[in-house]
Every structure is written in C-alpha cells, then in structure tokens.
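2 protein chains.
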Amino acid sequence: MVNKDWESRVAYLGPEASFTHLAAGTVFAGEWLMPYATIPECIEAVANGEVEFAVVPLENALEGSVPLTIDYLFHDVELHVSAEILSPIEQHFMVHPQQVENWQDIEMVYSHPHALAQCHKYLYYRFRGVPLEQTTSTAAAAKYVAENPSRTIAAIGNEFAAKKYGLTIVEPNIHDFHFNHTRFFVLQKKNIKLDKKGHDNSPKTTLMIKLPVDDRSGALHQVLSVFSWRQLNLSKIESRPLKTGLGNYFFIMDVLDDEQSVMMQGAKEELRALGCEVKSLGTYFTYKKE
Amino acid sequence: MVNKDWESRVAYLGPEASFTHLAAGTVFAGEWLMPYATIPECIEAVANGEVEFAVVPLENALEGSVPLTIDYLFHDVELHVSAEILSPIEQHFMVHPQQVENWQDIEMVYSHPHALAQCHKYLYYRFRGVPLEQTTSTAAAAKYVAENPSRTIAAIGNEFAAKKYGLTIVEPNIHDFHFNHTRFFVLQKKNIKLDKKGHDNSPKTTLMIKLPVDDRSGALHQVLSVFSWRQLNLSKIESRPLKTGLGNYFFIMDVLDDEQSVMMQGAKEELRALGCEVKSLGTYFTYKKE
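Which chain is which? The protein sequence lines are H and B, in order. Going by my numbering, the letters in the first sequence line up with residues 191 to 480, in that order. Going by my numbering, the letters in the second sequence line up with residues 191 to 480, in that order.
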C-alpha cells in the first residue's frame, strides 16, 4: 500500500487496534500511523504540523465523542477533509486459545461500554446474567484477556485486536445492527482530495452553515431551497448548538457534488447573500473498508 | 424533592456519580435512581416494566454513544419522552485532601477519555507533558484518586464525584467550551409530560420522520415546508442512516410546539399524506440543572 507520495505521518485516535486504527489502515500504510489519546490531540497534531493527516471518527463511532469532532472543526481550526472512510461496525466474541473449548461457559465479558451496548441483544439472549466488565477500549479488553489465559473470560472487539493479542474469534459478528457504519474523516491542512485507488467516484462536500443572526422560523427552509432547486442532493444534515448560548445553531450539510461545480459555486454565493456564514471543509471521496 | 406521585423506580446510565446521575437528580429524588451499565439496558428496563422511567444521554454526552439512543428509540421500542434535562458540562480538577498543597505539581491526571478531550486546552496549557490516564468513567477516576491518597495525582470530573469520593476541587470549570450542554431524555411507556416544578413552559415535540421510499432531491425541503409555512420552529434537525443499507435516512426533528396543537396535527397529517412515516416521541417540557 505504500506509495512515495503518501509517506507522511498520520495521527489516529488510539489506542493501537482501535476501530479508528483499523479504518486508517484502509487508506494509509501501517508504518505511518501514530496513535493519539483524544480527538483534539489528533486534530491539533495536524493543525500544528506534527503530522500531515489525522484520522478521527465523525459519526456513529465507537471510541469518541463525535460532536467533539464537528465542534472542534467548526470552532477551533482551519482544516480540510481529504477523504472519508466508511467502516462497518463488526464486533466479535473472542477468547484465549486455551479457552476455546470452554467459551460457552464464559464467566465474564470485557469490552468498551459502547461495544457492550452494540451487542446488547446478543449478550442478553446468549449470556444473560454473565457479568460485563467495562474497559477503556476494545483493544484494552483483548489485551486483558490475552494476559489472563487461565481465566474463562471473553473480550468483544474487532479482528485487528484479536490478531494483535493472539485471541481466537469463537463467534464473529455479534453486533445487533448490521449495515451499521462508522464514518471517519481524514483531515489535512491543504484542501486536496486523496485520490488513491479504491475510492468511489462521487465527490462529496461538507459545509458548515451558520444562519443569519435574526434567526427565524423558515430560515433553514430557505437555506435548503438553495440546494433543492439546483437538485443538489444532501446525504446528511445536522444542527449543532453554537457555544454562544442556548438556541443558536449551525448546520453541517454533506452535499453530493464537488464544491468547484457551477451549481455549488452558485449555491455558496446565494447562501452568503442570504446572510449565512459558510465554512467549507472541502470536497473528498469515500473509501470503504471491506 | 420526593412527591408521592413520583415514587417510581428510575433507571439511569451509570455508574453512580455519572453525569447522567447528576442530571437525573434534577427531576427525581435520589432514592429512586438505579444505575444501569449501558444505554440499551436503561431503555429495555423501562420497556419491559422493570422501572417506570429511564434517563439517558441524547446529545453531546460524556458517557454514551448517543446515536445509540436515537437509533434504539427509532428501531426497537415504543417509548415516549416525558421530559428533557439540560445539564451544563462542568469539569473540575480534583485531588485528595492530603494533596491540596501539591496540586500544581501533579504527576498524573485520571479521567474518562471524553472528559480529557473536553479539557484539552486547559491540560495543554497548564499541565503539558503530564501523563493522562484513561478510566471507564469520571467517577472511576475520582474513586481511584480517593484510594491513593499518598500519590500526587488528580481526577477530572463533576462535583458529585468529588463529593462522593471526598476529593477537593482545586480548580473548577476547566472545560474548554462554556455554554455547552448535555441533553438527556426521560423515557416512559406512557405518553405523559412530566409536569413538576422547575421546568420551562414551552412544550417541545420530537418527531422521527422517514421520507417516502422514492427519496429524491428536495424531499427534505418539502418536509420542511410543512413546518415552515405554519411558522413551527425547529430547534433541532438531524439525519440518521436507516440500518437497511447505505443512503437511506430518517430525520429527528424537535418542534417547539405541543403535538396536540391544531398546527401540529395538520403538519403530521400532511407529512403522512406526502408518504412519510412519522413516529412521535411525544411532547415534553425542559428541565435545567443549575
């Protein structure tokens, strides 16, 4: 996967073997990936030039407070999205190789609270009454199980963690919802699309839009008209409170077009004419982890 | 705060002294509050009648994967929102009373990853280079510091955790963003507003809306027209992927009106006539933690 052009340091939300690590491996060679403990640390690392890229969870994530990513990008830094990565959420039930024969009689299950929550139904129907023990990450759970080979315990986590800590997956895909993805942003200072092999070819643009100060009923409707009559499709819209007090909002919109297109240029101009503040995070492609 | 009518068991997202616990105490007497380990466990507890109410984080939360709450309410259960609770996010720097004089020379800081992230700037400028140690909750961090009085270490968490574990807050309000709130839902099987002292008097209704199957550019715009011409204000809109494959969405909208109003009845009828599926979580009041 290494390509001269991409030999750049990449921060990701750790620890090693986290879901963000797994996603980052879809786009970047493993040797360039460096774990950081929190989302702001990842974002600051790229903003201050320590690394060229940062990979952080954006939506429906396992490890991070995701509004944090959106808010940090809106309020604190001027960065661009170089790519998004969609990664299926796949949780597996894993034990130490010495315990493979006993796995149905497991006495305790270790994982991150979000992973335990995502496997709620499986655990409820298959291991009702078995105590669940929370860890700070799914990787930490796998590590703990690996270090206690004589105990009849299991971890829930991804296949990366199983491999890293030498555990055996005895039941794969125990998550309650299938077709559920986590979405990650690859961030960079420059406004350049990653254009490596493996992306799908529809460009997407993320805009952050603050409505005019005299916010009123219908302002959002008016903003959407700007996209609607141009048949610009939105794949995502979300309001986020501004941190200047209650009741003030900005919007994140994902538009399925390139921001350099005639229609998008026109839309941005009209939005500004309506009194909106428009911050573009740039245009990017989507990479999917298989 | 106890009132005969409210002597009902209440599930909350634990552990004890969590931010959800703190928020739940705004509305319910402490003796009725019972911690559950995950959001689905809280929701199932109210759905299966184990408890009368559940308090779970919805937005911008510290302890939970919040899309989980929205998705669980949309896909898995028929519950209603009895109230929402807004709680300011206030993180404090706390040490063991024996270490109060040494707090500026702290050697390690313990907290939940989200709390560490929310205090990123404070930690960066005030304690750069001091190792940060992740815990499964802010309460667990406070407990650890309480159990190690001879070590020069600190925890970050809320005032409830400081009180519970006998720690001294040496620097209050170290979170980076002020005016930042976490929003919690109080859930119940019945469609009844909580109407205790202390709420603000504007009713709010949460609708979950699935667009017609032949989703097309402008469908969301059409949906918003239904609210816009009636001057029904939306305080929140968010799209969430349906879990039936990529590209299908439902919307969560908070409307600042009572669902029994003439305008709201008309809006819901029109939405259904447009081919939308509309699921109402009911009308409720807002309680604010001071």
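We treat Cβ as the ideally placed atom computed from N, Cα and C, and that holds for glycine.
Which residues bound the beta strand (DSSP E) around residue i?
{"i": "T396(H)", "result": "H389 to K400"}
{"i": "V416(H)", "result": "Careful: V416(H) lies outside any beta strand (DSSP E), inside the alpha helix (DSSP H) at A409 to S418."}
{"i": "F218(B)", "result": "Premise fails: F218(B) is in no beta strand (DSSP E) and is neither H nor E."}
{"i": "P225(B)", "result": "L223 to Y226"}
{"i": "I359(B)", "result": "T358 to E361"}
{"i": "S230(B)", "result": "The question names Ser, but residue 230(B) in the sequence shown is Pro. Taken as a continuous stretch (DSSP letters only), P230(B) belongs to no beta strand (DSSP E), being part of the alpha helix (DSSP H) at I229 to A237."}
{"i": "K469(B)", "result": "E467 to K478"}
{"i": "F243(H)", "result": "F243 to E249"}
{"i": "L203(H)", "result": "V200 to L203"}
Could you have a look at residue i and say whether DSSP puts it in helix, strand or coil?
{"i": "D448(H)", "result": "coil"}
{"i": "H304(H)", "result": "helix"}
{"i": "Y324(H)", "result": "Strictly speaking, residue 324(H) in this sequence is Gln, with Tyr absent from that position. Of the three classes helix, strand and coil, the one that applies to Q324(H) here is strand, per DSSP."}
{"i": "H211(B)", "result": "helix"}
{"i": "K386(B)", "result": "coil"}
{"i": "Q421(H)", "result": "coil"}
{"i": "L377(H)", "result": "strand"}
{"i": "V256(H)", "result": "helix"}
{"i": "K194(H)", "result": "Residue confidence is low: K194(H) scores 44 on pLDDT, short of 50, so the model does not pin down where it sits. Its coordinate-derived value is still stated next. Note: K194(H) maps to helix in three-state DSSP."}
{"i": "E459(B)", "result": "helix"}
{"i": "E206(B)", "result": "coil"}
Compute every distance between the C-beta of residue i and the non-hydrogen atoms of the ligand FAD, then say whether any falls below 7 Å.
{"i": "I364(H)", "result": "This structure lacks the ligand FAD; in fact it carries no ligand of any kind."}
Quick check: the Cα distance between residue i and residue j, rounded to an integer number of angstroms?
{"i": "N348(B)", "j": "G356(B)", "result": "12 Å"}
{"i": "T395(H)", "j": "Y474(H)", "result": "6 Å"}
{"i": "S448(H)", "j": "Q455(H)", "result": "Per the sequence shown, the amino acid found at residue 448(H) is Asp instead of Ser. Approximately 9 Å, taken between the alpha carbons."}
{"i": "Y439(B)", "j": "V413(B)", "result": "13 Å"}
{"i": "A227(B)", "j": "H304(H)", "result": "10 Å"}
{"i": "I275(H)", "j": "V217(H)", "result": "8 Å"}
{"i": "E242(H)", "j": "G215(B)", "result": "45 Å"}
{"i": "G204(H)", "j": "A330(H)", "result": "11 Å"}
{"i": "V299(B)", "j": "A345(B)", "result": "6 Å"}
{"i": "H389(B)", "j": "F367(H)", "result": "36 Å"}
{"i": "S392(H)", "j": "V246(H)", "result": "21 Å"}
{"i": "L410(B)", "j": "P257(B)", "result": "20 Å"}
{"i": "I359(H)", "j": "R316(H)", "result": "16 Å"}
{"i": "N238(B)", "j": "A244(B)", "result": "12 Å"}
{"i": "M453(H)", "j": "M443(H)", "result": "15 Å"}
{"i": "A219(H)", "j": "L269(H)", "result": "22 Å"}
{"i": "P321(B)", "j": "N423(H)", "result": "45 Å"}
{"i": "V416(B)", "j": "L461(B)", "result": "7 Å"}
{"i": "A235(H)", "j": "Y334(H)", "result": "29 Å"}
{"i": "M325(B)", "j": "A463(B)", "result": "Note on residue identity: the sequence assigns Thr, not Met, to residue 325(B). Distance between the alpha carbons of T325(B) and A463(B): 50 Å."}
{"i": "H310(B)", "j": "F283(B)", "result": "13 Å"}
{"i": "A457(H)", "j": "L471(H)", "result": "15 Å"}
{"i": "H286(H)", "j": "A336(H)", "result": "6 Å"}
{"i": "S429(B)", "j": "N370(H)", "result": "14 Å"}
{"i": "P431(H)", "j": "E297(H)", "result": "44 Å"}
{"i": "I364(H)", "j": "F350(H)", "result": "16 Å"}
{"i": "I211(B)", "j": "A201(B)", "result": "At residue 211(B) the sequence reads His, which differs from the Ile that was named. Roughly 9 Å between the two C-alpha positions."}
Within the continuous alpha helix (DSSP H) that includes residue i, where are the two ends?
{"i": "R316(H)", "result": "H310 to R316"}
Interface positions of the region 290-310 of chain H facing chain B (Cβ-Cβ less than 8 Å), listed along the chain: P303, H304, L306, A307, Q308 and H310
Let me know the alpha helix (DSSP H) ranges lying completely inside the region 263-301 of chain H, each 4 residues or longer, listed in chain order. none
Can you pull out the residues from the region 384-403 of chain B whose beta carbon lies closer than 8 Å to at least one beta carbon of chain H? none
In the region 423-434 of chain B, which residues sit with their C-beta less than 9 Å from some C-beta in chain H, listed in chain order? N423, L424, S425, K426, I427, E428, S429, R430, P431, L432, K433 and T434
According to a CB-to-CB cut-off of less than 8 Å, which residues of the region 448-471 of chain H neighbour chain B? none
Considering only residues of the region 322-356 of chain B, which uninterrupted alpha helix (DSSP H) runs meet the minimum length of 4 residues and lie entirely inside it, listed in chain order? 328-337 and 349-354
Identify each residue in the region 227-239 of chain B for which the Cβ-Cβ distance to at least one residue of chain H is less than 8 Å, and report them in chain order. A227, T228, I229, P230, E231 and E234
Note down, in chain order, all residues in the region 327-350 of chain B with a beta-carbon under 9 Å from any beta-carbon belonging to chain H. S327 and A330
Note down, in chain order, all residues in the region 215-226 of chain H with a beta-carbon under 7 Å from any beta-carbon belonging to chain B. none
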